[in-house]
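Line by line, the protein sequences give chains B and R.
Residue numbers are given in full-length UniProt numbering: position 116 of the first sequence equals residue 116, and the series is strictly consecutive.
Residue numbers are given in full-length UniProt numbering: position 70 of the second sequence equals residue 70, and the series is strictly consecutive.
2 protein chains.
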Amino acid sequence: MEYNAKQLQIIEVAEQLFAQKGFAGTSVRDIAQEADVNVSMISYYFGSKEKLIEALFQLRMNQSRSRLETLLMDEDLVPMQKINILIDSVIDRLMGNQCFHNIMLREQLSSERTPIISEYILSLKLRNMELMQRLINEGQDAGVFRKNIDMGLMSTTLYGTINYAIATQDFYKKINNLESMSEEDFQRYLKRKLSQHLKSLFKSTVTNEHRIES
Amino acid sequence: MEYNAKQLQIIEVAEQLFAQKGFAGTSVRDIAQEADVNVSMISYYFGSKEKLIEALFQLRMNQSRSRLETLLMDEDLVPMQKINILIDSVIDRLMGNQCFHNIMLREQLSSERTPIISEYILSLKLRNMELMQRLINEGQDAGVFRKNIDMGLMSTTLYGTINYAIATQDFYKKINNLESMSEEDFQRYLKRKLSQHLKSLFKSTVTNEHRIES
DNA sequence: ACAAAAATCAAACGTTTGTTTGATTTAATT
DNA sequence: AATTAAATCAAACAAACGTTTGATTTTTGT
């Protein structure tokens, strides 16, 4: 499905409002006003409010598809480098689409979601999981990664940390006295911090290092 | 404020429904029906739907207060043991109040929350942060913890991982073929896994260990 | 320039929303 | 037992909701 400028405008405004106030907390009149279109245009273009959020999911899912997966083919990188690239790419994806991932997290918190959106989320998570599994396997086959790694919990820490960092970024700003920083600078700063933090976390957990208690 | 049995029943039903469908997605008629009371009882007892969720927050916040903080006084525990007790206590708190923490996470995802609830959440987060900071400082003073630890990101990983694990527990069940397990057993299992995972994660990140790359 | 299609609009539709009312029943107090 | 207070209810309230209608304007294709 392709969308014209007006349709994209509606979808993008809806994305922002859903992220701010939730799906149920946002009225079609809110969206119409903010997108500067008549209320009836939403039903006209998308059929219903429900189908609008499905269109949003379809749009964002398709455009996140398989950009990164080529890195796996690169034989010149050692396993830990690939893991690090994966971490940075997840950070970039989540930080660069905060509204959409806010909505996706909300949907995962709900027990009564539409089957269509559930399906989108499930297939995305499976895709991410398989990619990560392959990277881990490469490291294990090369003998540099531990054998007993809980994929599920590792990816939970990866996505959980980034999602929660984004959700509580104002708090992070406050306790670190970063409120004078410009918004752009802070986003860059948080990205860098998250990258360092998660890379060091993953390195310790995933590699076959020998430890000497101090 | 003390609540009678009926009021508590309303609050608890509201808590479940808010967690399932969100605050805006839950109607007072939903709550009244599920709690088996007349619709008007909600306004009668609490004043409004908004004040009902505030009552829920007030109730749950007060009962989570300062139970754990005595562990800090115990001089017989080494710093890493205290950290591990903290981790387990956060896991127990979040896993044991999944509905409420689901709601709290939703509120943190919203940019338009009521000042009262924002205040509750902020003070709780500050309290948790201070406790964690004291434990870290003890370890640093004893020379067993690293000096440059980003408190904000450590607690983000702690809460982010647990919250996300709870939000996606069905997925975790599915990819690990745990769907035949009873619900109780699974909750115990997930708790244990999270505990091991986070303790090992924190140990690697926080302690002054000497590493030898393999 | 004309006809067909697409886009836009104000208005209205029927529901559902949170809340209030006022009468009635139940419980507590004296 | 009488009186006051608390609890409960069906019904009504206005406002907001998602959606549809039908007329009107704008764009497109010929």
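From the three backbone atoms N, C-alpha and C, an ideal C-beta is built for every residue, glycine too.
Item, Value
"Cβ-Cβ distance between residue 158 (chain B) and residue 90 (chain B) below 8 Å", "yes"
"Chain-order list of residues whose beta-carbon lies under 8 Å from that of residue 126 (chain R) (same chain, five-residue window excluded)", "none"
"is_contact[residue 188 (chain R), chain B] using C-beta, thresh 8 Å", "no"
"Alpha-carbon spacing of residue 204 (chain R) relative to residue 188 (chain B), whole angstroms", "26 Å"
"Neighbourhood of residue 94 (chain R) by C-beta distance below 6 Å, restricted to the same chain and skipping five residues each side", "101 and 162"
"Per-residue DSSP class, three states only, for residue 207 (chain R)", "strand"
"Environment of residue 70 (chain B) [buried if 16+ CB atoms lie within 10 Å]", "exposed"
"Option in R:110, R:202, R:201 and R:194 with minimal Cα separation from residue 92 (chain R)", "R:194"
"Contacts around residue 7 (chain R), its chain only, beta-carbon distance under 6 Å, and the 5 residues preceding and following it disregarded", "45"
"is_contact[residue 176 (chain B), chain R] using C-beta, thresh 8 Å", "yes"
"Interface residues of chain B facing residue 12 (chain R) [CB-CB closer than 7 Å]", "Those within 7 Å of residue 12 (chain R) in chain B number zero; the least Cβ separation is about 17 Å."
"From R:104, R:111 and R:23, residue whose alpha carbon lies closest to that of residue 167 (chain R)", "R:104"
"Contacts of residue 130 (chain B) in chain R (Cβ-Cβ under 8 Å)", "Within chain R, no residue comes near residue 130 (chain B); the closest Cβ sits about 10 Å away, beyond 8 Å."
"Close-in-space but distant-in-sequence residues of the same chain around residue 155 (chain R) (CB under 8 Å, 5 per side omitted)", "128, 129 and 132"
"Cβ pair residue 61 (chain R), residue 120 (chain R) closer than 8 Å", "yes"
"Distance between beta carbons of residue 206 (chain B) and residue 146 (chain B), contact taken as under 8 Å", "6 Å"
"Buried versus exposed call for residue 115 (chain B) [16 or more other C-beta atoms within 10 Å across all chains shown]", "exposed"
"Near-chain B residues of the stretch 88-114 of chain R (beta-carbon distance less than 8 Å), N- to C-terminal order", "102, 105, 106, 108, 109, 110, 111 and 112"
"The stretch 77-84 of chain B contacting the stretch 135-142 of chain B, beta-carbon criterion three pairs below 8 Å", "yes"
"Bridge partners - residue 46 (chain R), DSSP secondary structure assignment", "Residue 46 (chain R) is not bridged to any residue."
"Any C-beta of chain R under 8 Å from that of residue 71 (chain B)", "no"
"Supposed close pair residue 160 (chain B), residue 5 (chain R) - CB separation, criterion 8 Å", "Rounded, the Cβ-Cβ distance is 37 Å, inconsistent with contact."
"Helix, strand or coil at residue 11 (chain R) [DSSP, three-state]", "helix"
"Euclidean distance between Cα positions of residue 24 (chain B) and residue 25 (chain R)", "5 Å"
"Residue 214 (chain B), buried or exposed, once every other Cβ within 10 Å from all chains shown has been counted against 16", "In this prediction, residue 214 (chain B) has a pLDDT of 37, which is less than 50 and means its spatial position is unreliable; nothing more can be read from the coordinates."
"Helix, strand or coil at residue 23 (chain B) [DSSP, three-state]", "coil"
"Under 9 Å by beta carbon: chain B residues contacting residue 38 (chain R)", "What residue 38 (chain R) touches in chain B: nothing, since even the nearest Cβ is about 24 Å away."
"Neighbour list for residue 142 (chain R) in chain B, Cβ cutoff strictly below 8 Å", "Within chain B, no residue comes near residue 142 (chain R); the closest Cβ sits about 11 Å away, beyond 8 Å."
"Neighbourhood of residue 179 (chain B) by C-beta distance below 7 Å, restricted to the same chain and skipping five residues each side", "173"
"Listed by chain order, chain R residues near residue 201 (chain B) by CB distance under 8 Å", "157, 201, 204 and 205"
"Straight-line gap, residue 212 (chain R) to residue 85 (chain R) (C-alpha atoms, nearest Å)", "Any reading at residue 212 (chain R) must be qualified, since the residue scores a pLDDT of 43, below 50, and its modelled position is unreliable; no value is offered."
"Status (buried if at least 16 other CB within 10 Å, exposed otherwise) for residue 13 (chain B)", "buried"
"Alpha-carbon to alpha-carbon, residue 40 (chain R) and residue 64 (chain B)", "48 Å"
"Exposure label - residue 16 (chain B); buried when at least 16 CB within 10 Å", "buried"
"Anticipated Cβ contact below 8 Å, residue 11 (chain R) with residue 37 (chain R), distance rounded", "Their Cβ separation, rounded to whole angstroms, is 12 Å, which puts residue 11 (chain R) and residue 37 (chain R) out of contact at 8 Å."
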